[in-house]
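Trainee: Here it is, the structure in full.
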Amino acid sequence: MNFSEVFKQTNQLCKVSPDGKYLVSGLPICTQTKYRLVVRDVSTLQILQLYTCLDQISHMEWSSDSLFILCAMYKRGLVQVWSLEQPDWHCKIDEGSIGLVSSRWSPDGRHILNTTEFHLRVTVWSLCTKAVSYIKYPKACQKGIDFSRDGCYMALAERRDCKDYVSVFVCDDWHLLRHFETETQDLAGLEWSPNGCVLAVWDSCLEYKVLLYSLDGRLLSTYSAYEWSLGVKSVTWSPSSQFLAIGSYDEKVRILNHITWKKITQFDHPAAINNTKAVVYKEVEKRPAVGSDDLSLHNITIGTTLFNTQSKYEICPLPVQIPVVKPDPDRANPKIGVSTLAFSSDSRYLATRNDNMTTVVWVWDMQKMNLEAVLEQTSAIRCFQWDPRRPRLALCTATTKLYLWSPAGCVSVQVPTEGGFQVQSLSWHCSGDSLILLGKEQLCLCYMDTDQDEK
Amino acid sequence: MGEWWTSVPTETSMGNYEISSISHVTMSPSRQNNLVSMCSSLPLSKSSYNVISAFCTEDNIPQCILYINQELASLGLSCACIEASSPGGAGLSTVPAMNAMYELLQIHRRNMCTLEELEREQLKKSSTLEHMQMNNSRLKDQLEFSMREKSGLHETERQLQLKIKTLQSCLKTEKDEVQKLQSIIASRASQYSHDAKRKEREAAKLKERLSQLLVDRKDKKLAIDVLNCLGRSDGKRSHWKTAKATASHEGEMYKSLLNDYEASQRSLMLENAELKKVLQQMKREMIHILSPRQSSTKGATADDSQEQVDSDGEEKMGDSSRETLDQSCEHAREQLTNSIRQQWRKLRNHMEKLDSQASQAQNQLESNKEAIPRETHEDEMERMRCEVQQCKEFIHAQQQLLQQQLNTSFDDETAALLNDCYTLEEKERLKEEWRLFEEQKKNFERERKNFTEAAIRLGREKKAFEEDRASWLKNQFLNMTPFTDRRRCSSSDGQSALSIRSEPEMRMSSTKAELAKSSTYATFSTPKPTQSAAVPSTTELYRTLRLIPDSSSSRHSNRGRWQESSTIDDGDNRAKSKSRVRCGDLSIFSLGEDENSLT
């Protein structure tokens with residue numbers, strides 16, 4: 001495993017283009033008011049382009065064809081688009097006094113969808129014809145817009161007359177294909193299945209309700225696990241469209257199948273793990289023993305290595321007690337329940353995080369339908385993501401270490417940079433050969449040993 | 001009464017000192033009872049003699065006789081009366097007196113016996129009485145204790161009942177509470193939702209108003225500023241929104257849906273087929289397993305025979321179901337599952353039977369276990385005895401051998417004979433080895449000759465190659481069109497790389513992949529000074545070639561091909577150097593292979 005040198009970035013803005021060739025990151029210049037965007041070649045990390053935006057960038061996104069970069073400046077209600085092929089081409093969209101809260105590309109990379117403040121409307125700007133169209137009554141919720149994986153359809157949650165509706169648009173020409181009312185009290189989100197034929201819609205946390213609609217608006221099934229207490233917290237489809245995983249406030253994940261839409265199994269997240277076949281990996285920190293002769297001037301100047309702690313994984317014998325943070329019952333949005341669900345690219349594994357066990361990631365085997373591994377870290381987990389090619393999970397905990405899990409085992413790697421590079425978040429390169437690690441103001445690439453994998 | 005009566009005369013008749021003392025003693029507590037006991041004990045005391053003597057004196061013998069006779073009569077001993085031997089005399093006729101005495105003694109003894117018996121009885125009775133009393137008291141205690149316990153239990157029961165009652169009431173109140181709370185929640189929820197709706201309506205109204213205002217203001221800032229418009233990503237031009245377009249969208253949607261359903265149906269069908277196959281196989285195997293068993297137990301019991309009939313019918317049915325399986329799904333499924341279920345039941349029964357048999361067998365085994373140790377013990381003993389015997393024999397044999405050795409060591413003649421034998425054998429072996437060595441030497445010579453020939457040839461080729469290179473460099477300089485050259489050169493290079501085994505014609509049809517690979521070679525074949533570095537490497541390769549033995553015949557044929565290829569490729573000299581190198585390189589390996597195949 002190799003690491004690149006560290007580059008500066010700002011605002012955790014750093015994205016690799018969908019084709020995996022370029023890396024764009026924000027770069028603030030303190031003396032000027034203008035903000036810069038740097039495009040680098042991923043393989044050489046040399047700077048290819050520099051763009052200057054009008055204000056601090058709040059959001060940045062590559063178009064699907066990796067030709068354009070969208071930069072949204074929500075404070076100013078501005079969107080700027082840059083072209084990689086023609087550096088002097090530019091595009092600026094001003095939403096004016098109506099404001100801007102969200103901006104995104106359409107799947108074809110030729111339209112931009114801006115959501116205005118107060119969710120008054122969604123404005124669709126065409127870069128081909130400069131045409132603008134409006135979609136009224138978008139709903140302000142957890143996930144109100146979702147594009148199907150093939151980029152053909154867009155589902156949009158709407159709220160009219162205190163009722164929830166879903167509109168399905170054809171992304172090609174923004175033709176309204178279907179418009180139907182959903183049986184929800186307060187729709188919280190919607191998500192297309194990866195094959196684009198089923199739309200999962202879930203209610204807000206006050207009610208446990210998941211509805212499944214066909215592309216043509218027919219209600220396929222309704223699922224509700226319980227009543228009264230807080231309900232759905234997160235919903236994820238498996239890449240094979242075979243499973244729908246629903247994480248809820250009762251610290252459980254329920255898996256629905258794609259034929260009868262009934263529950264296959266449920267994964268509990270108990271505080272005491274005792275009778276499973278799961279392997280419990282526990283990160284153990286080890287401070288290097290500092291002898292008196294090590295405290296020379298040389299070592300102190302290096303500094304960072306002196307205070308760094310080594311850590312490694314140990315396999316805990318069962319039973320294991322997991323540290324649990326009791327949530328405050330008087331506060332809204334209690335920190336309890338499964339908030340993050342991620343399937344591996346081959347749909348074989350599911351990684352989950354329970355919010356009142358912040359230091360633990362659970363990995364479930366979807367073939368055997370049981371717990372495969374538990375990773376207990378020393379600090380709270382910030383981010384985890386599956387390798388897009390292999391069943392390999394990378395996670396970070398805002399420390400100077402990077403952690404990797406694969407069915408073969410678990411490893412903790414110190415990021416070998418000076419100045420205490422703390423990994424706040426990470427994302428895989430689409431080839432699965434490298435990882436982009438984001439610190440507070442830096443970024444760094446981590447290259448995996450590919451040949452070792454092939455062995 | 002009689003005794004009382006008898007005691008009266010004693011008291012009255014004599015004023016004897018001794019008696020008075022006794023009477024004094026006896027009189028003192030309560031007169032009557034003690035007197036009775038006293039009288040019964042009187043004959044035992046020594047003083048009774050005196051009393052008896054006092055009873056009959058010289059004077060009153062007739063009265064005494066009379067009295068005794070009366071007494072005897074009253075006792076029922078009327079057989080003989082005591083008579084005075086002489087009337088008025090003091091003597092008694094002895095026979096009746098003796099008889100009477102004997103009778104009396106008999107009576108007395110009998111009485112004593114019965115008394116003893118009675119006493120014993122009484123003792124026994126009293127002891128049993130005591131025991132009974134003790135028992136009784138114990139039981140009383142027990143009764144009391146259990147009574148107390150009972151009352152305690154009653155008390156606890158009462159308390160528990162009370163508790164249950166309170167708990168029930170508590171539950172009732174809690175239930176009420178829950179109901180109340182639920183109703184409160186429901187009312188609050190409805191209130192909340194109502195309020196939320198109201199607020200939302202308001203918000204919607206506000207939003208409407210806001211957007212209206214914004215539209216009215218004709219917001220100039222709202223704008224898009226693009227340098228030049230882009231083409232669509234798919235390269236097509238945008239369409240007008242027409243009915244046809246909407247219809248096509250619908251069509252497309254249904255098509256994708258249909259595709260999805262078809263795919264899922266296909267997968268389900270596959271799965272179904274697989275499952276059916278498994279089911280069929282299971283059924284077949286079950287029938288297979290079950291049928292021999294039933295034939296063996298044929299006619300054992302009516303039950304079994306019935307079963308067998310059933311199974312026969314089933315077998316037929318199973319076959320038929322197999323046929324119908326593909327025809328009508330519903331019907332076949334039912335049949336199949338039914339038959340499977342039956343078979344399964346039978347199998348289970350069979351298994352259970354087997355299980356019970358196995359457990360029985362095990363039990364028997366366990367019971368047999370007791371007997372086994374002795375046998376094994378004996379076996380072990382036998383074995384050990386054998387071993388000891390063997391060991392003894394072994395030791396004996398060793399001793400004998402040792403003796404022999406000692407004897408033979410002195411025998412020089414035999415030793416010499418043996419030695420001679422050994423040397424003869426050794427000579428033979430050496431001769432054989434010498435022959436082998438000669439052969440190898442010959443081979444080696446031949447190979448050396450081959451090598452020298454090859455070296456000569458190589459020298460020649462090297463010279464030719466040098467010439468080629470010179471000419472190619474000249475050409476390169478003269479042409480001065482590096483790009484086209486490079487491309488051609490690279491392609492030819494790729495071809496030459498391909499020509500490892502193929503014919504020249506084949507080279508024309510080189511795939512793209514190979515081209516891509518060859519492009520990397522092309523970078524080396526550009527006319528740079530570094531290119532010359534490749535030349536020494538080839539010579540090195542030739543040098544290494546010498547290390548590899550080969551047969552000249554195959555070598556020659558390959559050599560010939562090289563020459564040919566070089567002459568063919570003469571047209572484009574640019575590629576030559578590189579191709580030559582590669583050819584040589586590759587042919588080395590091929591030669592190596594040839595050699596292997598020949599030897």
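Protein sequence lines correspond, in order, to chains A and B.
For the first sequence, UniProt numbering assigns the number 1 to the initial residue and increments by one for each residue that follows.
For the second sequence, UniProt numbering assigns the number 1 to the initial residue and increments by one for each residue that follows.
Idealized CB from N, CA, C, for every residue including glycine.
Because the structure is a prediction, the values reported are computed rather than measured.
1. Note down, in chain order, each residue of its chain lying with its Cβ closer than 7 Å to the Cβ of A/D449, except the 5 sequence neighbours on either side.
2. Pick helix, strand or coil for A/N275, following the three-state DSSP scheme.
3. Within 10 angstroms of its Cβ, does A/W228 collect 16 or more other Cβ (buried), or is it exposed?
4. By the three-class DSSP mapping on this structure, what secondary structure does A/H269 have?
5. What beta strand (DSSP E) runs, 3 residues minimum, are completely inside the segment 187 to 253 of chain A?
6. Do A/C171 and A/G151 have their CB atoms nearer than 8 Å?
7. Determine, using beta carbons only, whether B/D260 comes closer than 8 Å to chain A.
8. Would A/G26 and A/I47 be called neighbours here (beta carbons separated by less than 8 Å)?
9. The alpha helix (DSSP H) that contains A/C152, what's its start and end?
10. Between which two residues does the beta strand (DSSP E) harbouring A/N11 extend?
11. Drop a sphere of 10 angstroms on the beta-carbon of A/Q9, count the other beta-carbons inside from all chains shown, and report buried for 16 or more, exposed for fewer.
12. Quick one: which chain B residues come within Cβ less than 7 Å of A/L100?
13. Taking Cβ-Cβ distances below 9 Å as the criterion, which residues of the segment 433 to 460 of chain B are in contact with chain A?
14. Following the continuous beta strand (DSSP E) through A/C316, name the residue where it begins and the one where it ends.
15. Counting C-beta neighbours from all protein chains within 10 Å, is the total for B/F444 16 or more, i.e. buried, or is it exposed?
16. Evaluate B/N136 with the Cβ neighbour count: other Cβ atoms within 10 Å of its Cβ, from every protein chain shown; 16 or more gives buried, anything less gives exposed.
17. To the nearest angstrom, how far is the alpha carbon of A/I246 from that of A/L435?
18. Considering A/Q385, what are the terminal residues of the beta strand (DSSP E) in which it resides?
19. Is it the case that the CB of B/I68 approaches a heavy atom of the ligand NAD more closely than 7 Å?
20. In this structure, how does DSSP classify A/H258 when only helix, strand and coil are distinguished?
21. Here's a check: name, in chain order, each residue in its chain whose Cβ is nearer than 7 Å to the Cβ of A/E441, leaving out the five neighbours to either side.
22. Mind checking if B/E174 is an interface residue toward chain A, Cβ cutoff 8 Å exclusive?
23. Report the neighbours of B/E393 on chain A: residues whose CB is nearer than 7 Å to its CB, in chain order.
24. For A/M357, count neighbouring C-beta atoms within 10 Å of its own C-beta (all shown protein chains included) and say buried if the count is 16 or more, exposed if not.
25. Which class does B/K255 belong to by DSSP, given the choice of helix, strand or coil?
26. Mind listing the chain A neighbours of B/G231? Cutoff is C-beta to C-beta under 9 Å, in chain order.
27. Counting only beta-carbon atoms, is A/L13 nearer than 8 Å to chain B?
28. Using a Cβ cut-off of 7 Å, pull out every chain A residue sitting near B/K197, in sequence order please.
29. Check the Cβ-Cβ distances between A/F118 and every residue of chain E, and say whether any is below 8 Å.
30. Is it buried or exposed for residue 652 of chain B, if we count other Cβ within 10 angstroms and need 16 for buried?
31. Listed in chain order, which residues of the segment 147 to 171 of chain A have Cβ atoms closer than 7 Å to some Cβ of chain B?
32. Write down the C-beta distance between A/L100 and A/Y74 rounded to the nearest angstrom, noting that I regard them as a contact closer than 8 Å.
33. Hey, A/S406 and A/P391: beta-carbon distance below 8 Å or not?
34. Is it the case that the segment 327 to 335 of chain A contacts the segment 218 to 228 of chain A, given that we only count it when at least three CB pairs across the two stretches are under 8 Å?
35. Does any residue of chain B have a CB that is nearer than 8 Å to the CB of A/L392?
Mentor: If we stick to the structure as given:
1. Residue mapping note: residue 449 of chain A aligns to position 449 of the first sequence, counting from 1. The residues are M1.
2. By one-based count along the first sequence, residue 275 of chain A stands at place 275. It is coil, neither helix nor strand.
3. Here residue 228 of chain A is taken as the residue at index 228 of the first sequence, counted from 1. Exposed.
4. As a position in the first sequence, residue 269 of chain A is number 269, starting the count at 1. Judged by DSSP in its simplified three-state form, A/H269 adopts coil rather than helix or strand.
5. List check, beta strand (DSSP E) in window: 187 to 192, 198 to 203, 210 to 214, 219 to 223, 232 to 237, 243 to 248.
6. Residue numbering aside, residue 171 of chain A sits at position 171 when the first sequence is read from its first letter. Residue numbering aside, residue 151 of chain A sits at position 151 when the first sequence is read from its first letter. In contact: A/C171 and A/G151 (Cβ atoms closer than 8 Å).
7. In the second sequence, counting from the first residue as 1, residue 260 of chain B sits at position 260. Yes, because at least one Cβ of chain A sits closer than 8 Å to the Cβ of B/D260.
8. Walking along the first sequence from the start, residue 26 of chain A turns up at place 26. Walking along the first sequence from the start, residue 47 of chain A turns up at place 47. For A/G26 and A/I47, no; Cβs fall outside 8 Å.
9. For this step, residue 152 of chain A is matched to residue 152 along the first sequence. For A/C152, there is no enclosing alpha helix (DSSP H), as DSSP gives it neither H nor E.
10. The count along the first sequence starts at 1 and reaches residue 11 of chain A at position 11. It is not in any beta strand (DSSP E) - A/N11 carries neither H nor E in the DSSP assignment.
11. Taking the first sequence and counting its residues from 1, one reaches residue 9 of chain A at position 9. By the neighbour-count rule (16 or more Cβ atoms within 10 Å), A/Q9 is buried.
12. Counted from its first residue, the first sequence places residue 100 of chain A at position 100. What A/L100 touches in chain B: nothing, since even the nearest Cβ is about 11 Å away.
13. Going along the segment 433 to 460 of chain B in chain order, one finds no residue with a Cβ nearer than 9 Å to chain A.
14. Residue 316 of chain A sits at position 316 when you count from the first residue of the first sequence. Annotation for A/C316: the continuous beta strand (DSSP E) segment containing it runs 310 to 316.
15. Locating residue 444 of chain B in the second sequence gives position 444, counting from the first residue. With fewer than 16 Cβ atoms within 10 Å of its Cβ, B/F444 is classed as exposed.
16. In the second sequence, residue 136 of chain B corresponds to position 136, counting from 1. Within 10 angstroms of the beta-carbon of B/N136 lie fewer than 16 other beta-carbons, which makes it exposed.
17. Within the first sequence, numbered from 1, the residue matching residue 246 of chain A stands at position 246. Within the first sequence, numbered from 1, the residue matching residue 435 of chain A stands at position 435. So the alpha carbons of these two residues sit roughly 28 Å apart.
18. As a working note, residue 385 of chain A is residue 385 in the first sequence. Where A/Q385 is concerned, the enclosing beta strand (DSSP E) stretches over 383 to 386.
19. The ligand NAD is absent from the structure shown, which contains no ligands of any kind.
20. Here the question's residue 258 of chain A lines up with position 258 in the first sequence. In the structure shown, A/H258 sits in coil (DSSP, three-state: anything other than H, G, I, E or B).
21. Position 441 of the first sequence holds residue 441 of chain A. Around A/E441, the same chain offers K8, Q9, T10 as residues with beta carbons nearer than 7 Å, after the five sequence neighbours per side are excluded.
22. Position 174 of the second sequence, counting from 1, holds the residue named residue 174 of chain B. Answer no: the Cβ-Cβ gap between B/E174 and chain A never drops below 8 Å.
23. The residue labelled residue 393 of chain B in the question sits at position 393 within the second sequence. Chain A residues near B/E393: none, gap ~58 Å exceeds 7 Å.
24. Taking the first sequence and counting its residues from 1, the one referred to as residue 357 of chain A is at position 357. By the neighbour-count rule (16 or more Cβ atoms within 10 Å), A/M357 is buried.
25. Translated into the one-based positions of the second sequence, residue 255 of chain B becomes position 255. In this structure, DSSP gives B/K255 a helical state, which the three-state scheme calls helix.
26. The count along the second sequence starts at 1 and reaches residue 231 of chain B at position 231. Correct list: R110, C128.
27. By one-based count along the first sequence, residue 13 of chain A stands at place 13. Look at A/L13: its C-beta is not under 8 Å from any C-beta on chain B.
28. Against the second sequence, residue 197 of chain B aligns to sequence position 197. Simply C162.
29. This model lacks chain E altogether, as its protein chains are A and B.
30. Absent from the structure is residue 652 of chain B, since the part of chain B shown begins at 1 and ends at 599.
31. Listed in sequence order: C162, V170.
32. Reading the first sequence from its first residue, position 100 is the one you call residue 100 of chain A. Reading the first sequence from its first residue, position 74 is the one you call residue 74 of chain A. 5 Å between Cβ atoms; contact.
33. Here residue 406 of chain A corresponds to residue number 406 of the first sequence, with the count starting at 1. Here residue 391 of chain A corresponds to residue number 391 of the first sequence, with the count starting at 1. Closer than 8 Å, so yes.
34. Note that the segment 218 to 228 of chain A does not touch the segment 327 to 335 of chain A; fewer than 3 beta-carbon pairs, one per stretch, sit closer than 8 Å.
35. Here the question's residue 392 of chain A lines up with position 392 in the first sequence. Here residue 392 of chain A turns out to be Arg, not Leu, going by the sequence shown. Closer than 8 Å: no.
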